[in-house]
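Residue numbers (our numbering), protein chains in the order written: chain A, 1 to 221; chain B, 1 to 99.
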Amino acid sequence: MHIMEGYLPLEWCIIWFVISFIVVAYGVYQIKKIVDETPESKALLAVSGAFMFVLSSLKLPSVTGSCSHPCGNGLGAALFGPAVTAVLATIVLLFQAILLAHGGLTTLGANIFSMGIIGPVVAWAVYKALIKANMSSTVAVFFAAFLGDLLTYVATSFQLALAFPAPSFGSALSKFLVIFAVTQVPLAIGEGILTVIIWDRLKEYKPKLLDKLGVLAPKEA
Amino acid sequence: MDKTTLIILAVVCIILFVAPLIIFNGHGEDDGYFGGADDAAGEAINESQGGKYEPWASAIWEPPSGEIESLLFALQAAIGAIIIGYFFGYWRGQKSKED
């Protein structure tokens, strides 16, 4: 989902930067609030960020014959919501842009928008909806992580099709969706499973903290 | 979840990512397999602009070789893994002390 350095026209770079900056700034404010209210959640924040670090470093082969990487943004979104996850994604994307030439500083805003905002918003909304529908939080977190990952790549496809609508927006979109979203389906399933395993352990070791953050299903609390 | 379920999930995950290696066994980067989706998108952009797209910015620093790149990727995974491992070990110890 990394849009490479210099591969977005300047006006789109600015648009995504502005949107992402607002969300990340709100996320920083939220992190401060969460840490003030429940200092124990600091470790959980670190784990959510670390989970993203690991997953986004793994370039995995897909059944389409090309490689891509999962995002790990579903865990943070289910625990802390999308704005906080946007901050964590910014750290990961900066690391990759500066040290690995993956993504870039001009496209940072656009990449934060897909991996740090759209993916987590979808994951968070799916998670909350399934919890409300009385599903177990472990099942809910699978679908949250699966769809969060997949929609991150759908968002990238939209961003590229908007910037390069040649010959038309529709055909550009389907071209980028084939490159990104189709490749991503098995990876997103894998990310869902890995997030479930982490979630299960969290529920085992830190049930009170999860309850305090209000993320468990009513029957689990 | 019990241990068996967790192990089954882990195995499903492994199969999911080993399968492409088996399906496309014998193919490689030279005939267009296992390339990165990011680069494929870059090429598609270039094609859509008539093969004339010039990126207007380039990375401030690039890993000088594939070796250095894999070093930094391994470092990224290691940083993440040690943080997760540290806290999960700590929490597990705390939990068994409580019980």
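Where is the CB? At the ideal position from N, CA and C, for every residue including glycine.
The structure presented is a predicted model; accordingly, all values stated were derived computationally and were not measured.
| Asked | Found |
| --- | --- |
| DSSP beta-bridge partners of P63 (chain B) | P63 (chain B) pairs with nothing; no bridge assigned. |
| Beta carbon proximity, P61 (chain A) to chain B, threshold 8 Å | yes |
| Contacting residues, own chain, Cβ-Cβ under 6 Å from A188 (chain A) (five flanking each side not counted) | F146, D149 and L150 |
| Supposed close pair L75 (chain A), C67 (chain A) - CB separation, criterion 8 Å | So it is not a contact: roughly 22 Å between Cβ atoms. |
| Inter-residue Cα distance where the pair is I23 (chain B) and V28 (chain A) | 45 Å |
| Terminal residues of the alpha helix (DSSP H) in which Y29 (chain A) lies | L10 to E37 |
| Opposing strand residues paired with P61 (chain A) [DSSP bridges] | A:C67 |
| Beta-carbon proximity list for V182 (chain A), same chain, < 7 Å, skipping 5 on both sides | T64 |
| Closer than 8 Å to chain B by CB, D149 (chain A) | no |
| Reference C13 (chain B); option with closest CA among A:I14, A:P70, A:P165 and A:I22 | A:P70 |
| Heavy atom of the ligand GTP within 7 Å of A78 (chain B) beta-carbon | With respect to small molecules bound, the structure shown includes none, and the ligand GTP cannot be examined in it. |
| Residue from A:V215, A:S48 and A:A161 with nearest C-alpha to I179 (chain A) | A:A161 |
| Local Cβ density within 10 Å of Q49 (chain B), reported as buried at 16 or more and exposed below that | exposed |
| Proximity below 8 Å, CB of S57 (chain A) to CB of Q76 (chain B) | yes |
| Which listed residue (A:V35, A:G104, A:D36 and A:L55) has its alpha carbon closest to that of E191 (chain A) | A:L55 |
| Closer than 8 Å to chain A by CB, K3 (chain B) | no |
| In DSSP terms, what G32 (chain B) is bridged to | Partner(s): none; G32 (chain B) has no beta bridge. |
| P63 (chain B) versus F95 (chain A) - alpha carbon distance | 13 Å |
| Members of the region 174-190 of chain A near chain B, C-beta cut-off 7 Å | K175, F176, I179, F180, T183, P186, I189 and G190 |
| Residue range of the unbroken alpha helix (DSSP H) whose run includes G109 (chain A) | L108 to N111 |
| K212 (chain A) versus A74 (chain B): straight-line alpha-carbon distance, rounded | 35 Å |
| Proximal chain B residues relative to F113 (chain A), where beta-carbon distance stays under 8 Å | Within 8 Å Cβ-Cβ: nothing; F113 (chain A) doesn't reach chain B, min ~16 Å. |
| Runs of alpha helix (DSSP H) wholly within the region 70-149 of chain A (minimum 4 residues, chain order) | 73-80, 82-99, 108-111 and 119-132 |
| DSSP state of N46 (chain B) mapped onto helix, strand, coil | helix |
| Alpha-carbon to alpha-carbon, T4 (chain B) and W12 (chain A) | 49 Å |
| Beta carbon proximity, E5 (chain A) to chain B, threshold 8 Å | yes |
| Contact set between the region 200-214 of chain A and chain B, restricted to residues whose Cβ is under 8 Å from the partner | D200, R201, E204, Y205 and K206 |
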